[in-house]
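Colleague: Before I ask anything, let me first share the structure, which is written out below as structure tokens.
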Amino acid sequence: MHILITGGAGFIGSHVVRHFLKSYPSYTVTNLDNLTYAGNLANLADVDKMANYRFIKGDITDGAFLLNLFESNRFDGVIHLAAESHVDRSIANPTEFVVTNVLGTVNLLNAARASWQNGMEGKRFYHISTDEVYGSLGSDGLFTEQTAYDPHSPYSASKASSDHFVRAYHDTYGLPVVISNCSNNYGSFQFPEKLIPLFINNIRQNKPLPVYGKGENVRDWLWVEDHAQAIDVIYHQGKSGETYNIGGHNEWTNIDLIRLLCRILDQKLGREAGESAKLITYVTDRAGHDLRYAIDSTKLQRELGWVPSISFEKGLELTVEWYLANQVWLDNVTSGSYQHYYQKMYGRA
Ligand code: NAD
Ligand code: DAU
């Protein structure tokens, strides 16, 4: 079994690569990543010497490169995570999201289709998507696999578009695809532009915590290692052409989550109770800010038996401990020094 994982140097991708290498020593795992600002090979330092691991620096927006890659390798499966993933960046630069998330996905579909045209049996194209394609909920209800797409940000619109292309390649060309739509992930190796690592980093440095709007938006948080386990189950047992929602049944308003983070960090940093919360600063809201995401993952639980393994309180504590124990990683990422190293090694992303 030879699996191509795209975006394996990013946050979730690095956990998926690690999970597959450790759980399936007989598989070969090729990680294809362009090492953008979000890609960091240090995320895989503990597994990158494994005999069944290969890294290729390459760009999914380059269709000819992908066709060559699939011609010279016999991939049995693709797990596609490479993407531009941050909503605020998509508001600042939407076109980049169209190019990477839409065109990049179509290029990958074309390469898989060309490579597997003489036999799709046993092949699998697994597209990793997000709950944001479903839009925003009011105070009740959950996103199911039947919820109509209603994306609001350029990021979620680009992910929605890529999901449509994946389904179109299944229906038109018979490509054996599967899609999952997951809620907000948290855990180690997340780039500190996203809420949880950004706020941990700011609290440790006594910097302001910029809460968008009133902090009343709700997100459904899932530990990244539970997401990797769900991806394993869906990759191996999901039905071709199907979609699975993945979520933690774990809704938090941003402000409650931020206050919890502040309490954990007060304790871990030996600060007086209430000290870190003084850093909370309300700032202008994100444009088009979705109010609430919440996932109904009953289908995944009922059909494939997946459930999250740890509580949010436990996962968040482990996460805080990881960032505090890996301040060099945080400092390298925030200073950009990790990128200078890769630029010397591979040239610019
Ligand atoms: P990330 O930004 O941490 O990582 C993205 C990776 O893709 C990076 O390693 C980057 O170098 C790589 N990449 C970007 N453009 C590329 C290109 N043109 N060619 C090759 N590689 C490229 O993202 P993440 O948070 O780990 O998200 C991974 C996937 O999961 C994305 O598709 C995202 O939409 C989806 N997702 C994320 C979350 C979340 O909470 N983070 C939740 C649900 C779904
Ligand atoms: O739901 C899944 C999605 O979760 C993924 O598809 C995206 O890739 C991922 O980035 C994430 O999107 P969000 O926009 O929900 O995550 P983010 O960490 O950017 O923000 C979480 C919430 O916190 C959101 O309501 C905005 C708010 N926020 C965020 C930042 C960075 C703040 O209030 N202040 C901030 O500085």
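Just so we're aligned: the sequence shown equals residues 19 to 367 in the numbering used here. Even glycine gets a Cβ: it sits at the ideal position worked out from N, Cα and C. The structure presented is a predicted model; accordingly, all values stated were derived computationally and were not measured.
May I have the straight-line CA-CA distance separating TYR300 from TYR230, to the nearest angstrom?
Modeller: Within the sequence shown, residue 300 is the residue found at index 282, counting from 1. Within the sequence shown, residue 230 is the residue found at index 212, counting from 1. TYR300 and TYR230: Cα-Cα distance of roughly 6 Å.
Colleague: Would you mind working out which of ASN263, ALA175, PHE29, SER171 sits nearest GLY323, comparing C-alpha positions?
Modeller: Position 305 of the sequence shown, counted from the start, is the residue given in the question as residue 323. Closest option to GLY323, Cα to Cα, is ASN263.
Colleague: If we define contact as Cβ-Cβ less than 7 Å, is ASP94 a contact residue for chain D?
Modeller: In the displayed structure, chain D is absent; only one protein chain is listed.
Colleague: Specify the secondary structure class of ASN61 as computed by DSSP and reduced to three states.
Modeller: Your numbering for residue 61 matches position 43 in the sequence shown. Reduced to three states, the DSSP call for ASN61 is helix.
Colleague: Starting from ASP238, trace the beta strand (DSSP E) both ways and give me its first and last residue.
Modeller: Stepping through the sequence shown from its first residue, residue 238 is reached at position 220. Per DSSP, ASP238 belongs to the beta strand (DSSP E) from 236-241.
Colleague: Sort out for me which residues DSSP pairs LEU50 with in a bridge.
Modeller: Your numbering for residue 50 matches position 32 in the sequence shown. DSSP lists THR24, ILE74 as partners of LEU50.
Colleague: With distances taken from CA atoms, which of PHE29, GLY288, ASP181, VAL117 is nearest PHE222?
Modeller: Within the sequence shown, residue 222 is the residue found at index 204, counting from 1. The amino acid at residue 222 is misidentified as Phe; the sequence shows Arg. Selected option, being the one with the closest Cα: GLY288.
Colleague: Ordered along the chain, which non-local residues of its own chain (more than five positions away) have a Cβ less than 8 Å from that of ASP64?
Modeller: Counting from one through the sequence shown, the residue named residue 64 turns up at place 46. Here the set comprises ARG36.
Colleague: For GLY333, does the three-state DSSP call read helix, strand or coil?
Modeller: Working through the sequence shown from its first residue, we reach residue 333 at position 315. In this structure, GLY333 counts as helix in the three-state DSSP scheme.
Colleague: Leaving out the 5 sequence neighbours to the left and right, which residues in its chain are closer than 6 Å to HIS145 when beta-carbon positions are compared?
Modeller: As a first step, residue 145 must be located in the sequence shown, where it is residue number 127. Same-chain partners within the cutoff: HIS98, VAL184, ILE197.
Colleague: Assuming ILE6 contacts VAL338 under a Cβ cut-off of 8 Å, what Cβ separation, rounded to an integer in Å, is found between them?
Modeller: Only positions 19 to 367 of the chain appear in the structure, and residue 6 is not among them; the question remains open.
Colleague: How many angstroms separate the CA atom of SER32 from the CA atom of ASP308?
Modeller: Position 14 of the sequence shown, counted from the start, is the residue given in the question as residue 32. Position 290 of the sequence shown, counted from the start, is the residue given in the question as residue 308. Their backbone Cα atoms lie some 27 Å apart in a straight line.
Colleague: Can you tell which of VAL96, PHE73, ASP66, ASN125 has the C-alpha that lies nearest to the C-alpha of ALA82?
Modeller: In the sequence shown, residue 82 corresponds to position 64, counting from 1. Closest option to ALA82, Cα to Cα, is ASN125.
Colleague: Measuring from the CB of ASN203, is there a heavy atom of the ligand NAD at a distance below 6 Å?
Modeller: Counting from 1 along the sequence shown, the entry for residue 203 is found at position 185. At least one heavy atom of the ligand NAD is nearer than 6 Å to the Cβ of ASN203, so yes.
Colleague: Are the CB atoms of SER176 and VAL96 within a distance shorter than 7 Å?
Modeller: Working through the sequence shown from its first residue, we reach residue 96 at position 78. Working through the sequence shown from its first residue, we reach residue 176 at position 158. No, these two residues do not count as a Cβ contact at 7 Å.
Colleague: Which residue from ASP303, SER353, GLY266, GLU331 puts its Cα closest to that of ILE313?
Modeller: Walking along the sequence shown from the start, residue 313 turns up at place 295. Minimum Cα distance to ILE313 is reached at GLY266.
Colleague: From the DSSP output, in three-state form, read off ARG185 for me.
Modeller: To locate residue 185, count along the sequence shown from 1; it is residue 167. Of the three classes helix, strand and coil, the one that applies to ARG185 here is helix, per DSSP.
Colleague: VAL116 and ARG304 look like a contact to me (Cβ under 8 Å); what is the Cβ gap, rounded to whole Å?
Modeller: For the purposes of this step, residue 116 is taken as the residue at position 98 of the sequence shown. For the purposes of this step, residue 304 is taken as the residue at position 286 of the sequence shown. Not quite, the Cβ-Cβ distance comes to about 20 Å (not below 8 Å), so this is no contact.
Colleague: Assign GLU150 to one of two classes, buried (16 or more other C-beta atoms within 10 Å of its C-beta) or exposed (fewer than that).
Modeller: Residue numbering aside, residue 150 sits at position 132 when the sequence shown is read from its first letter. That one is buried.
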